[in-house]
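To convert, take the position in the sequence shown, counting from 1, and add 258; that gives the numbering used here.
Glycine residues also receive a C-beta, built at the ideal position from the N, C-alpha and C atoms.
The structure displayed is predicted, hence computed values, not measured ones.
Structure, as structure tokens:
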Amino acid sequence: MPRKTKQLTFDEILANLRGSQFDVQSVSGVAGQYRVQKHGCAAVIAKASDGGGVAFVDGPGFVLGGEIAHLLDRGFQKSLKTNKLEIAATADALKAIHRFSEELKEIAGSPSLYNQSIGTTSDDYFYDRLKGRDKDPIPRSPAPWDRAGVH
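Here it is as structure tokens:
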């Protein structure tokens with residue numbers, strides 16, 4: 259019979275993160291938000307609105323120039339982007355993001371989804387062949403299920 263796991267409080271999660279060698283610092287100027295860092299990656303977390311657990315204010319990403327870089331997928335190349343910088347993502351950076359994300363989710367008690375567990379998923383996807391695709395949609399007749407109620 260499966261056992262129910264106890265939902266940890268936010269303070270317990272912060273203590274567990276510190277115990278697992280995560281660098282946990284409060285975000286200056288913002289009450290209740292913490293920047294957690296390990297393996298050259300970081301995320302900003304806060305207490306979940308339902309009272310228990312963790313909410314991600316700024317999701318896991320590689321740290322570049324002190325900022326958390328977000329992963330972009332351009333179809334042919336993944337890149338790391340901050341407000342000031344964009345560089346090609348290396349295999350080591352992708353492995354670090356994946357490792358950091360999995361460790362953080364495990365300690366926080368967040369669900370670990372299959373597609374995220376097998377590799378690093380990007381924050382945004384931009385493909386050249388899709389650029390401008392939705393500007394002029396092709397006129398189509400309504401689908402049969404859209405016309406079902408119309409006589």
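Compare the C-alpha of residue i against each of the options and name the closest.
i	options	result
K336	K342, L343, I326 and A349	A349
S278	Q295, L266 and Q291	Q295
D269	K305, G287, A300 and L322	K305
G311	E361, D404 and L266	L266
I355	P318, I271, K342 and P369	P318
G323	N341, L329, S368 and D308	N341
E325	R332, G333 and D316	D316
Q283	N274, R293 and L275	R293
D281	G367, K264, R332 and I303	I303
Q291	P369, L272, L329 and K264	L272
K264	L371, R398 and A366	A366
R276	L362, G333 and L330	L362
N274	C299, R405, R357 and E364	E364
Just mark residue i as buried or exposed, buried being the case when its beta carbon has 16 or more other beta carbons within 10 Å.
i	result
S359	buried
V321	buried
A401	exposed
I think residue i touches residue j, with their Cβ atoms under 8 Å apart; what is that distance to the nearest whole Å?
i	j	result
I345	L338	6 Å
S307	A313	7 Å
DSSP has residue i in a bridge; who is on the other side?
i	result
K353	Paired residues: none, contrary to the question.
H297	Per DSSP, none; premise fails for H297.
S337	L330 and A346
Indicate whether at least one CB of chain C lies closer than 8 Å to the CB of residue i.
i	result
A289	Any reference to chain C falls outside this structure, which holds one protein chain only.
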